[in-house]
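Asks: Input: one structure, supplied below.
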Ligand SMILES: Cc1cc2nc3c(=O)[nH]c(=O)nc-3n(C[C@H](O)[C@H](O)[C@H](O)COP(=O)(O)OP(=O)(O)OC[C@H]3O[C@@H](n4cnc5c(N)ncnc54)[C@H](O)[C@@H]3O)c2cc1C
Ligand code: HEM
Ligand code: FES
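Residue numbers (the working numbering), protein chains in the order written: chain A, 3 to 260; chain U, 46 to 682; chain V, 6 to 228.
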């Protein structure tokens, strides 16, 4: 088993108001089998025993599915490995003596709460604006009463795989939430069940996305490149198309948000 | 205390209808006058909160993650069962009911299980309507697979992310209600106590995990959907944050805790690689369909797997269970893995692992087919271990996965505290001593979408609740208790981290109360746990303050609860002198080494009453009658 | 009460998607002009007379000339206004910058759109002052565009400046011609590869053709 040492430069910030700054930590013994977060656990153990404040970072499932974890490692959202959340990133991808800069997701819409922990409530509000199909409990017809062509269902699933981690926003040079919002719109608007609200949905969700203060999309594709679920920017084009269509349709009522 | 399960009378297939008729209704115009607290936003909590809000109740929903979408249900992979019989292969409500009772090794309440099987059908409809992208056939109809050894294909799935998709469906329904202003959501807020007024649940005390603010929330009823307690073992397939605090503190306020020793171990997880290990990752058991499990025949054989000729391999499951082979149920597969490792034949650097070998299937079906079936899983395995399962066998080992035990609830899902309901993995209701694959998701959603909306109305309509506000002494007391605990942790000048205690507890539990349990071991544990608890309180180091985001403080509170729950779990295991489902007492086995139940003496749910720290809890029994599924020994030979 | 058309357009434009639609549409118009402009300009290779005849034709058809100019001006105005608004909002969207920046999966062209755009803007101004008004042209003859062209490009620095400008236009168009399909929602993953390849081909070909004018003049192929 290979072990090696690293230097971490970690963004430390006590709370939203604190200006924050980098603090360097030497990590003398990193095992190649550790996950990145386990490596941080070890650093934290050391800090706690010394009576210092451990580095705060978000995580929960440590399986790459809950979307809780995430920060920048040397400018890469979730680190350098494709299709991988930081909780699934293992230390074998790093070299002895490397210096790593850990920074929180940076976007006005994602205020830093502490160290590497940010508030992604904006994503929930985008969903609340229209990222659903209104199907009150009990009102559903038989599951097979609605046939869904397999290709549509598969594509909906591709988009629905989004874990809402925020890496797309973090990596985007404009801090756009287009991939996140587009993924949910694609998931729901591709399905027959999603049709009745398709136009209202896109108008409301895009409206909320704007209100939250995310930037615009320049089609650079950096979001797609770091998305742990490899969601393609095709979903952004779909969102744009649906939005243009919904906006052009005279009969469509105004967004439900206002 | 007399446990009244409130099971309706009448034939089993009519019970739920009868109950729905008997349950009192709240006038639609009055619903908005009632407030309900839902703790938890997993499948159980989110579905309940959304459905209750749709009915018109004022709902407050809490979760400790930064968003309700991140509840641990998100991690479920395999699928969800429903007795739809879309495959025309002989499934029915009756069969799902039968399989669940039998799979639970006859330790579940028949009436609840029957209702679960009935409702399973509606769940799929509901989820499809919400846009859950279940797998489909080319004709556009829903696809199914067979799962966990079931003989019919009744499992609905969305790739390997069924839990995620179901949860997102419930979460979106919940967000819709939040957007409409009918649910107030409190993310990053942890429930730290339950508040009773006049013996009824009337609210909770919470801590805001960002600001540290301790607050009281008053309501007319409280619903807990806070998930399982598998993390009492430290290493498990559960999310790091999954915890028992909500149910444990409710237990200390009077809710009975049932069958804590019924814990499920999943046979196919990635083995531990070192001390720093923080959790265990599940590899879907579907891999057992095409993977052969083996270890070297001889002890201490350190050759690489490719150098071990077939004659030196022991395909122990195929050898011992010729009929079921590698597809034996979870508990049987797990126990056998432990046995061969205990014999010194385990593989990998720690010796705690067995091979799951896909090579034969790759030879037979081609690598493309295997990739299509398991590509995602194999990628995940490779990401974690750095080994390529297409070339070398995977290493797997059992891990704690699910807890069948939980707070005792009656047929209406109400705990022994009036006005407090418990849903999903947090209750003990439907799985007996062992849960079948793809049944937890079904249960969580049945509870949340289709049971609580009916049963809670009955309580509210038939109970006269006095007006209470947060200034009430009971709330002030509870808040004080919470603050005192925080202060106590922060005041300790210990030198050991919370995690180090948690790991020590977990190791002890795994050894004494894991896959194989003995009276001697359990007795030892019952002595050692309180000692460890003492040391924990005096030696734990919790840095920082209470008025900020303080993860160590959060963890300390949870571990404090595990220290008590662990003891109860061992006591329960010790009191149950039989083997059943996930509870394997080595003293009670058949000559072939199979679990040996004792139906004459242990056909009951063990519901424990809290008597104070360090005090022996009191045992109450809910006898279980099996009128529809006949008691039989499980056999997989 | 239903919203008026004006309201609807305004709320559409208020979103970043609306602004990008304007950018995409105006960008395509400007691109269309570039194609037409090139077809006109390459007539220099057929000789000065031919070229001058073409210029004269334009000047004698004021509806065409001014029609085009107005459309172009409006397009440029729309394009640039949207840029200014979007990039203002962009600055607010990330108040604290990263210490370490990486660009994964992004082409240089896509990252330098603002730079290439501003350069193109500067070039357009220069170009107008150079060949339309003659303000910065040392030897400007209002009635002899061919002369203006050839005399300018025999100065190596001027020729070089135009070649560089064309390089920047090519870069801008390479990303722009793919990005506009995204902005208008007409891209499709099946064709993404082909769209990007065509964008590359078209932008390079177009700008190479433009750049050939100063180069060939400088090399005295055109006199
Ligand atoms: C890896 C894995 C795979 C699985 N696969 C399957 C499968 O294929 N099929 C199947 O049927 N089952 C599966 N299961 C089991 C199933 O996922 C769970 O049993 C089920 O999702 C539990 O749902 P729940 O709603 O009860 O709880 P959870 O989803 O755990 O939700 C608990 C909620 O309670 C909140 N909470 C907890 N404590 C507090 C507190 N003190 N204060 C405030 N909020 C609190 C949390 O924030 C969370 O929102 C799997 C489990 C695991 C671990
Ligand atoms: C010949 C003139 C021009 C043409 C043909 C042109 C074309 C285009 C096209 C097709 C796009 C893609 C639009 C989209 O993403 O939907 C674009 C984007 C862009 N243009 Fe231009 N453009 C021209 C001039 C300018 C000028 C003068 C500026 C700046 C002052 C400019 C700045 C930009 C910027 C910054 C973008 C990227 C916008 C973003 O961030 O998404 N362009 N251009
Ligand atoms: S911790 Fe859940 S995705 Fe990383």
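Glycine included, C-beta positions come from ideal geometry on N, C-alpha and C.
My assumption, with CB atoms under 8 Å, is that residue 106 of chain U sits in contact with residue 228 of chain U. Please give the rounded CB distance.
Replies: 5 Å
Asks: Using a cut-off of 9 Å between C-beta atoms, extract the partners of residue 606 of chain U located in chain A.
Replies: By Cβ distance, chain A contributes nothing, its closest Cβ being about 18 Å from residue 606 of chain U, past 9 Å.
Asks: Determine whether the beta carbon atoms of residue 499 of chain U and residue 438 of chain U lie at a separation below 8 Å.
Replies: In this structure, residue 438 of chain U does not lie closer than 8 Å to residue 499 of chain U by Cβ.
Asks: By Cβ distance below 7 Å, which residues in the same chain neighbour residue 32 of chain A in space, the five residues on each side in sequence not counted?
Replies: The answer, listed in chain order, is 5, 6, 7, 8, 41 and 93.
Asks: Considering Cα atoms alone, identify which of U/255, U/109, U/221 and U/162 is closest to residue 18 of chain A.
Replies: Comparing Cα-Cα distances from residue 18 of chain A to each of U/255, U/109, U/221 and U/162, the minimum goes to U/255.
Asks: Name, going along the chain, the residues of the stretch 143 to 158 of chain A whose beta-carbon falls closer than 7 Å to a beta-carbon of chain U.
Replies: 143, 144, 145, 146, 148, 149, 150, 151, 152, 155 and 158
Asks: Taking only the alpha-carbon atoms, compute the straight-line gap between residue 168 of chain V and residue 26 of chain V and give it to the nearest angstrom.
Replies: 30 Å
Asks: What number of angstroms, rounded off, separates the C-alpha of residue 142 of chain A from the C-alpha of residue 134 of chain A?
Replies: 15 Å
Asks: Can you pull the chain A neighbours of residue 668 of chain U, defined as C-beta to C-beta under 7 Å?
Replies: Residues of chain A passing the Cβ test: none, with the nearest at roughly 34 Å.
Asks: At a cut of 8 Å, does the stretch 74 to 81 of chain A reach the stretch 94 to 112 of chain A through at least three beta carbon pairs?
Replies: By the Cβ rule, the stretch 74 to 81 of chain A counts as touching the stretch 94 to 112 of chain A, because three or more pairs are nearer than 8 Å.
Asks: Just checking residue 72 of chain U against ligand 1 - is the residue's beta carbon closer than 7 Å to any of the ligand's heavy atoms?
Replies: Flag unset: Cβ of residue 72 of chain U not near ligand 1.
Asks: Going along the chain, which residues of its own chain have a beta-carbon closer than 6 Å to the beta-carbon of residue 252 of chain U, five neighbours each way excluded?
Replies: 235, 237 and 259
Asks: In angstroms, rounded to a whole number, what distance separates the CA positions of residue 165 of chain A and residue 621 of chain U?
Replies: One C-alpha to the other measures close to 42 Å.
Asks: Excluding the 5 residues flanking residue 367 of chain U on each side, which residues of the same chain have their C-beta closer than 8 Å to its C-beta?
Replies: 682
Asks: Could you give the first and the last residue of the continuous alpha helix (DSSP H) run that contains residue 498 of chain U?
Replies: Looking at the DSSP string, the run of the alpha helix (DSSP H) that includes residue 498 of chain U is 497 to 507.
Asks: Residues of chain A with a CB under 7 Å from the CB of residue 224 of chain U: which are they?
Replies: 130 and 131
Asks: Give me the Cβ distance between residue 450 of chain U and residue 304 of chain U, rounded to the nearest whole Å; I'm assuming they're in contact under 8 Å.
Replies: 4 Å
Asks: With hydrogens ignored, establish whether the beta-carbon of residue 65 of chain A is closer than 7 Å to any heavy atom of ligand 3.
Replies: For residue 65 of chain A, the distance from the CB to the nearest heavy atom of ligand 3 is below 7 Å.
Asks: Going by beta carbon distance, what residues of the same chain come within less than 7 Å of residue 191 of chain U, once the five residues before and after it are set aside?
Replies: 197, 198 and 200
Asks: Looking at the structure shown, is residue 260 of chain A part of a helix, part of a strand, or coil, going by DSSP?
Replies: Residue placement at residue 260 of chain A is flagged as unreliable, the pLDDT there being 40, under the threshold of 50; a coordinate-derived value is accordingly withheld.
Asks: So is residue 129 of chain A buried or exposed if we call it buried at 16+ other beta carbons inside 10 Å?
Replies: Under this definition residue 129 of chain A is a buried residue.
Asks: With a Cβ-Cβ cutoff of 8 Å, do residue 496 of chain U and residue 67 of chain A count as a contact?
Replies: Contact: no.
Asks: Looking at residue 152 of chain A and ligand 2, is the gap between the Cβ and the nearest heavy atom below 7 Å?
Replies: no
Asks: Please return the same chain residues whose Cβ sits closer than 7 Å to the Cβ of residue 24 of chain V, not counting the five positions on each side in sequence.
Replies: 18, 87, 90 and 91
Asks: Looking at chain A, is there any beta carbon in it that lies within less than 8 Å of the beta carbon of residue 115 of chain U?
Replies: yes
Asks: So the candidates are U/242, U/221 and U/239; which of them puts its Cα closest to the Cα of residue 203 of chain A?
Replies: U/221
Asks: Ligand 1 and residue 228 of chain U: does any heavy atom of the ligand fall closer than 7 Å to the residue's C-beta?
Replies: No, since every heavy atom of ligand 1 falls outside the 7 Å radius drawn around the Cβ of residue 228 of chain U.
Asks: Under 8 Å by Cβ, that's how I've got residue 230 of chain A and residue 139 of chain A pegged, so tell me the actual separation to the nearest angstrom.
Replies: About 32 Å; that fails the 8 Å criterion.
Asks: Can you tell me whether residue 111 of chain V sits near ligand 2, meaning its C-beta is under 7 Å from at least one heavy atom of the ligand?
Replies: no
Asks: Identify the continuous beta strand (DSSP E) that holds residue 434 of chain U and give its terminal residues.
Replies: Note, residue 434 of chain U: premise wrong, no beta strand (DSSP E); not H, not E.
Asks: So, is the C-beta of residue 103 of chain V closer than 8 Å to a C-beta in chain A?
Replies: yes
Asks: Distance check for residue 221 of chain A and residue 173 of chain A, CA to CA, integer angstroms please.
Replies: 12 Å
Asks: For residue 86 of chain A, which residues in chain U fall below 9 Å Cβ to Cβ?
Replies: 428
Asks: Cβ closer than 8 Å: which chain U residues qualify as neighbours of residue 93 of chain A?
Replies: Near residue 93 of chain A there are no residues of chain U at all, since even the closest Cβ is about 10 Å away, more than 8 Å.
Asks: Only counting the same chain, and skipping five residues up and downstream in sequence, which positions put a Cβ closer than 7 Å to that of residue 612 of chain U?
Replies: 571, 574 and 575
Asks: In angstroms, rounded to a whole number, what distance separates the CA positions of residue 83 of chain U and residue 357 of chain U?
Replies: Rounded to the nearest angstrom, the two C-alpha atoms are 56 Å apart.
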